[in-house]
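One structure below.
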Amino acid sequence: MASQTTTTPFGQVSARRKAVNGAMTVLIYGAFALALIPLLWLSATVVSRGVDRFMVDGNGDEKFNLDFLNQSMRGIFGGMPEGGIAHAIAGTLSITLAATLISVPIGLLAAVYLVEYGKGTLKRAVTFLVDVMTGIPSIVAGLFAYAVFAVVVGPGTKLGIVGAVALSLLMIPVVVRATEEMLKLVPNELREASYALGVPKWLTILKVVIRTAAAGITTGVTLAIARVIGETAPLLIAVGVADSYNLNLFDGRMMTLPVYIVSEWRKGDQPCNNPEIACVPEITEYRAWAAALVLILIVMALNLVARLVSKYFSPKTGR
Amino acid sequence: MTTTHDRAVGPDEASALTARKESSADKVFAGLSGTAATAILVTLAAVATFLLIEAWPAVTDSAGTLAARVEWISPERGESLIEIIGFLVFGTVLISTIALLIATPLSVGIALFISHYAPRKLAAGLGYLIDLLAAIPSVVYGLWGAIVLIPALQPFYQFLADTLGWIPLFAPGEDGTVSGTGRVALSAGIVLAIMVLPIITAVSREVFLQTPRLHEEAALAMGATRWEMIRIAVFPFGRSGVIGATMLGLGRALGETMAVYMILSPGLSYTLNVLQSGQHNTIASFIALQFPEANSSGVSALIAMGLALFIITLLVNMLARWVVSRRAEFSGAN
Numbered sequence: 001m002a003s004q005t006t007t008t009p010f011g012q013v014s015a016r017r018k019a020v021n022g023a024m025t026v027l028i029y030g031a032f033a034l035a036l037i038p039l040l041w042l043s044a045t046v047v048s049r050g051v052d053r054f055m056v057d058g059n060g061d062e063k064f065n066l067d068f069l070n071q072s073m074r075g076i077f078g079g080m081p082e083g084g085i086a087h088a089i090a091g092t093l094s095i096t097l098a099a100t101l102i103s104v105p106i107g108l109l110a111a112v113y114l115v116e117y118g119k120g121t122l123k124r125a126v127t128f129l130v131d132v133m134t135g136i137p138s139i140v141a142g143l144f145a146y147a148v149f150a151v152v153v154g155p156g157t158k159l160g161i162v163g164a165v166a167l168s169l170l171m172i173p174v175v176v177r178a179t180e181e182m183l184k185l186v187p188n189e190l191r192e193a194s195y196a197l198g199v200p201k202w203l204t205i206l207k208v209v210i211r212t213a214a215a216g217i218t219t220g221v222t223l224a225i226a227r228v229i230g231e232t233a234p235l236l237i238a239v240g241v242a243d244s245y246n247l248n249l250f251d252g253r254m255m256t257l258p259v260y261i262v263s264e265w266r267k268g269d270q271p272c273n274n275p276e277i278a279c280v281p282e283i284t285e286y287r288a289w290a291a292a293l294v295l296i297l298i299v300m301a302l303n304l305v306a307r308l309v310s311k312y313f314s315p316k317t318g319r
Numbered sequence: 001m002t003t004t005h006d007r008a009v010g011p012d013e014a015s016a017l018t019a020r021k022e023s024s025a026d027k028v029f030a031g032l033s034g035t036a037a038t039a040i041l042v043t044l045a046a047v048a049t050f051l052l053i054e055a056w057p058a059v060t061d062s063a064g065t066l067a068a069r070v071e072w073i074s075p076e077r078g079e080s081l082i083e084i085i086g087f088l089v090f091g092t093v094l095i096s097t098i099a100l101l102i103a104t105p106l107s108v109g110i111a112l113f114i115s116h117y118a119p120r121k122l123a124a125g126l127g128y129l130i131d132l133l134a135a136i137p138s139v140v141y142g143l144w145g146a147i148v149l150i151p152a153l154q155p156f157y158q159f160l161a162d163t164l165g166w167i168p169l170f171a172p173g174e175d176g177t178v179s180g181t182g183r184v185a186l187s188a189g190i191v192l193a194i195m196v197l198p199i200i201t202a203v204s205r206e207v208f209l210q211t212p213r214l215h216e217e218a219a220l221a222m223g224a225t226r227w228e229m230i231r232i233a234v235f236p237f238g239r240s241g242v243i244g245a246t247m248l249g250l251g252r253a254l255g256e257t258m259a260v261y262m263i264l265s266p267g268l269s270y271t272l273n274v275l276q277s278g279q280h281n282t283i284a285s286f287i288a289l290q291f292p293e294a295n296s297s298g299v300s301a302l303i304a305m306g307l308a309l310f311i312i313t314l315l316v317n318m319l320a321r322w323v324v325s326r327r328a329e330f331s332g333a334n
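Same order as they appear, the protein sequences are chains B and D. Here my numbering is used: the first residue of the first sequence is 1, the next is one more, and so on. Here my numbering is used: the first residue of the second sequence is 1, the next is one more, and so on.
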């Protein structure tokens with residue numbers, strides 16, 4: 001037996017432990033590979049099916065065109081090979097812009113409070129509730145905005161601004177969290193240097209702290225926009241659907257890109273009975289995929305902008 | 001405001017030194033930021049208040065006017081408002097549970113891959129790939145799930161029912177086949193799993209990365225393999241973080257609307273057969289389905305459901321945050 005111990009080098013791993021280690025390594029690599037499948041599959045599908053609509057022209061023939069981006073759905077019915085998302089893009093942009101205008105001042109100031117002024121119970125309460133607010137289901141945000149306007153304006157109010165309120169409820173916590181993180185990164189020495197020069201606190205915050213963190217805050221806000229721009233459920237409830245252009249947030253329903261995808265998808269295949277009229281049965285599905293492609297491109301562009309801003313505009317630290 | 005031991009600064013002098021400009025501008029700015037912070041508290045209270053106001057007519061309905069005015073509420077069929085909410089809560093929990101059962105082990109694996117297995121230089125980029133999954137809008141998941149994924153999964157469901165049909169969960173319908181469309185609870189659960197995966201991964205990854213270096217090195221020095229090191233050093237440290245992450249994922253899964261709405265063929269029952277269509281629905285998806293055509297009583301009833309969903313997710317999220325923050329206090333890493 002003595003020879004056994006000498007031939008087994010100290011620290012050698014038994015076959016079983018080796019096997020377990022190897023198996024877990026495979027499993028962990030496998031988990032990552034598995035997660036990439038839906039990402040790649042979904043992206044490939046959206047791109048390949050998204051171009052279908054762009055390949056159908058007004059006569060139902062196969063020819064590349066960008067009508068989809070310029071047309072609205074006004075006067076479009078059945079399997080007409082026309083119809084686009086111009087009104088939906090306009091609606092999405094104006095509602096998201098309004099939501100941003102509501103959320104950013106509140107979110108920014110609340111973050112300033114948390115980092116620069118806050119203490120005691122209020123600070124803890126706000127920090128905790130911002131975390132909790134991140135978890136509000138988007139449909140509840142839609143119901144909330146609907147309920148507010150039902151009480152204040154009257155039942156059944158469906159306007160662009162209602163959707164903007166719903167989206168800002170989802171956006172505020174994201175903006176607060178991101179801004180707070182960025183403000184915390186500003187070194188205290190900068191604040192002290194500013195105080196030492198006799199600059200009052202509010203000016204220090206505005207001109208030193210926020211300016212230093214500006215790139216990070218911009219990144220955070222851009223990511224928050226990217227998050228809410230694809231929200232569907234609250235807009236389905238608070239804004240409804242529309243077929244034509246409407247840029248007035250305070251008058252009438254609006255179409256938005258995510259809601260457009262759902263409503264086109266719900267229409268299903270269209271019957272084509274008259275061979276005289278240009279008609280494409282699957283046009284609704286083409287439109288849904290093409291709108292999904294545009295939406296994903298917008299979201300990805302926002303993500304890219306956010307990363308570029310944080311890469312090129314943040315102050316260079318030693319790290 | 002005493003600064004040194006030698007000399008106490010007099011009150012006049014102190015105010016002269018610190019904030020000569022403790023002026024109105026300063027007060028206004030402090031007031032503004034305080035107001036914004038308070039506004040967040042007020043907003044959260046307002047959410048509950050306004051939902052309650054609008055839900056009140058449905059909640060307090062006792063004379064049966066609700067059943068008369070809303071077609072999908074019929075107490076005689078066992079579908080009064082509270083009974084429907086019961087079905088929906090069951091469906092919501094069932095589908096979220098499926099999603100978490102799939103997503104949690106996968107996410108922990110991915111988080112470990114990024115924190116401990118992947119080459120250092122690649123780790124950040126690979127983590128970003130997973131984050132991209134979170135950037136895809138839920139409606140696109142719904143579209144993809146409904147048109148592409150489900151038809152691909154349907155044969156697998158039939159196989160599952162043929163081989164494991166004796167388990168009640170995978171039991172096929174009476175004719176021995178599963179739903180031909182695949183618009184079943186399991187499909188919704190799978191798509192939700194993909195959607196909560198990046199959340200659970202992101203939080204777990206952060207926790208795993210905070211494992212004290214010394215613990216890991218000590219484990220390795222004792223001759224542990226990489227997996228054993230993870231089991232004895234990383235997991236005990238990260239357990240509550242992973243639990244919290246899972247609950248955050250649960251919060252997301254409970255409230256997810258569009259993917260379920262587009263994928264699931266809805267129904268109301270307490271059955272566990274996740275391979276049969278027309279059996280389940282979730283609160284959020286039910287609201288989205290009924291809201292566009294609802295009359296005032298219907299809206300009130302749907303908002304009552306929204307209130308129920310709000311309270312459930314609020315509790316889950318509070319619990320999750322509490323679990324995660326408790327970890328932060330007791331860990332030696334920060």
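A virtual CB, placed ideally from N, CA and C, is assigned to each residue, including glycine.
Check: Who are the neighbours of Thr25 of chain B on chain D, taking C-beta pairs under 8 Å?; Outcome: Tyr117, Arg226, Trp227
Check: Can you give me the C-alpha to C-alpha distance between Pro144 of chain D and Leu295 of chain B, rounded to a whole angstrom?; Outcome: The displayed chain sequence assigns Trp, not Pro, to residue 144 of chain D. Cα-Cα distance, rounded: 14 Å.
Check: Looking at the structure shown, is Asn317 of chain D part of a helix, part of a strand, or coil, going by DSSP?; Outcome: helix
Check: Which residues in chain D sit within 8 Å of Arg320 of chain B, going by Cβ to Cβ distance?; Outcome: Summary: the structure shown does not reach residue 320 of chain B, with chain B confined to residues 1 through 319, and so no result is reported for it.
Check: Run down chain B in chain order and give the residues with a C-beta less than 8 Å from the C-beta of Asp26 of chain D.; Outcome: Pro200, Lys201, Trp202
Check: If the criterion is Cβ atoms closer than 7 Å, does the pair Asn281 of chain D and Gly91 of chain D meet it?; Outcome: yes
Check: Mind checking who Ser74 of chain D pairs with in its DSSP beta bridge?; Outcome: D:Glu79
Check: If the cut-off is 7 Å on Cβ atoms, which residues from the segment 307-324 of chain D count as contacting chain B, listed in chain order?; Outcome: Leu309, Phe310, Thr313, Leu314, Asn317, Met318, Arg321
Check: What are the residues that DSSP puts in a beta bridge with Glu62 of chain B?; Outcome: B:Val56
Check: Buried or exposed: Gln12 of chain B, going by 16 or more other Cβ atoms within 10 Å of its Cβ?; Outcome: exposed
Check: Enumerated in chain order, which unbroken segments of the alpha helix (DSSP H) with a length of 4 residues or greater are wholly contained in the segment 247-314 of chain B?; Outcome: 257-267, 283-312
Check: Around the C-beta of Tyr128 of chain D, are 16 or more other C-beta atoms found within 10 angstroms, so that it is buried, or is it exposed?; Outcome: exposed
Check: Could you pull out every residue in the same chain whose Cβ sits closer than 6 Å to the Cβ of Asn65 of chain B, ignoring the five residues on either side in sequence?; Outcome: Asp57
Check: Let me see if you follow: with CB-CB separation under 7 Å, is Pro281 of chain B close to chain D or not?; Outcome: no
Check: Under 8 Å, with one C-beta from each stretch per pair, do the segment 245-256 of chain D and the segment 99-119 of chain D reach the 3-pair mark?; Outcome: yes
Check: List, in chain order, every chain E residue whose beta-carbon is nearer than 8 Å to that of Leu36 of chain B.; Outcome: Structure shown: chain E not included; protein chains present are B and D.
Check: If I measure Cβ to Cβ from Tyr270 of chain D and keep anything under 6 Å in the same chain, skipping five residues before and after, which residues do I get?; Outcome: Phe90
Check: For Pro236 of chain D, count neighbouring C-beta atoms within 10 Å of its own C-beta (all shown protein chains included) and say buried if the count is 16 or more, exposed if not.; Outcome: exposed
Check: Taking 7 Å as the CB-CB limit, is Lys21 of chain D close to chain B?; Outcome: Its pLDDT being 49, under 50, Lys21 of chain D is placed unreliably in this model, and the value from its coordinates should be taken loosely. Yes, Lys21 of chain D counts as interfacial toward chain B.
Check: Please classify Ser285 of chain D as buried or exposed, where buried requires at least 16 other C-beta atoms within 10 Å of its C-beta.; Outcome: buried
Check: Measuring straight from C-alpha to C-alpha, what distance separates Gln276 of chain D and Ala185 of chain D?; Outcome: 8 Å
Check: Do you know how far the Cα of Leu209 of chain D is from the Cα of Met229 of chain D?; Outcome: 14 Å
Check: Taking beta-carbon pairs under 9 Å, can you tell me which members of the segment 244-277 of chain D lie near chain B?; Outcome: Leu248, Gly251, Arg252, Leu254, Gly255, Glu256, Thr257, Met258, Tyr261, Met262
Check: Give me the Cβ distance between Asn246 of chain B and Gly91 of chain B, rounded to the nearest whole Å; I'm assuming they're in contact under 8 Å.; Outcome: 7 Å
Check: Can you pull the chain D neighbours of Val338 of chain B, defined as C-beta to C-beta under 7 Å?; Outcome: The question about residue 338 of chain B has no answer here: the residues shown for chain B are numbered 1 through 319.
Check: List the residues of chain D whose Cβ lies closer than 9 Å to the Cβ of Gly230 of chain B, in chain order.; Outcome: Ala135, Ile136, Pro137, Ser138, Val139, Val140
Check: Counting pairs of Cβ atoms below 8 Å between the segment 64-80 of chain B and the segment 257-274 of chain B, do you hit three or more?; Outcome: yes
Check: Tell me the rounded alpha-carbon separation between Val285 of chain B and Leu167 of chain B.; Outcome: It is Glu, not Val, that sits at residue 285 of chain B in the sequence shown. One C-alpha to the other measures close to 27 Å.
Check: Quick one: list the residues of chain D neighbouring Tyr29 of chain B, beta-carbon separation under 8 Å, in chain order.; Outcome: Phe113, Tyr117
Check: I need the DSSP call for Thr25 of chain B, collapsed to helix, strand or coil.; Outcome: helix
Check: Thinking C-beta only, is Val280 of chain B closer than 7 Å to Gly78 of chain B?; Outcome: no
Check: Output yes or no for whether 7 Å exceeds the beta carbon distance between Phe144 of chain B and Val299 of chain D.; Outcome: no
Check: Could you compute how far the alpha carbon of Arg211 of chain B sits from the alpha carbon of Thr204 of chain B?; Outcome: 10 Å
Check: Given that Val130 of chain B touches chain D, what residues does it touch there, using C-beta distances under 7 Å?; Outcome: Ile40
Check: Quick test of the definition: if touching needs 3 or more C-beta pairs under 8 Å, does the segment 298-313 of chain D touch the segment 105-117 of chain B?; Outcome: no
Check: Could you say if the segment 95-110 of chain B and the segment 172-190 of chain B meet the contact criterion of at least three C-beta pairs nearer than 8 Å?; Outcome: yes
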